[in-house]
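A quick write-up on the structure given underneath.
Residue numbers (my numbering): 29 to 174.
As structure tokens, this is what we get:
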């Protein structure tokens, strides 16, 4: 069995930004020449998440609306009491982002069959930045197989 790991970075442009990273993952599978196995995709941030879902514009708006209702940015959170803890000078007020990320999760596993990600017809792997916009959001791709 072969194991190949690679970090990918993505820039985001919105407070909640959903980036389809499927093609970037498939490119790594192609480069690894693995035809049977699986890919673990892991977010390297506490305010980003990963999900498999449909990349359809109106659904993406619905997802963002749902997440904002789930953890409203304007709600009262203890984590946002920056004056009560040691933080860097650029520390954002982002408790809501952490809570949304915990809800969605920080990893996905996708099978590789005949060298292709075994996703359904409408499925895409999406990085969800919940504390954007940001540059250099890092995702670990670990491909295992034969």
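For each residue, glycine too, the CB sits at the ideal point set by N, CA and C.
The beta carbon of residue 100 sits closer than 8 Å to those of 124, all from its chain and outside the five residues before and after it, given in chain order.
Around the C-beta of residue 90, fewer than 16 other C-beta atoms lie within 10 Å, and the residue is accordingly described as exposed. Residue burial annotation: residue 118 is exposed, with fewer than 16 other C-beta atoms found within 10 angstroms of its C-beta. Here the alpha carbon of residue 40 sits roughly 14 Å from the alpha carbon of residue 78.
Between residue 140 and residue 67, the beta carbon gap of about 6 Å places them in contact (Cβ cut-off 8 Å). For residue 108, the three-state secondary structure derived from DSSP is helix. Taking 8 Å as the cut-off, the beta carbon of residue 98 is found closer than this to the beta carbon of residue 128.
Between residue 44 and residue 158, the CB-CB gap stays under 8 Å. Collapsing the DSSP output to three states places residue 150 in coil. Along the length of the region 72–146, whole beta strand (DSSP E) runs at least 3 residues long occupy 76–81, 135–141, reported in chain order. Listed as beta-bridge partners of residue 36 by DSSP are 167. Each residue's CA atom was taken as its position, placing residue 108 and residue 115 some 11 Å apart. Residue 152 is classed as buried because its beta carbon has at least 16 other beta carbons within 10 Å across all chains shown.
In the structure shown, the three-state DSSP call for residue 46 is strand.
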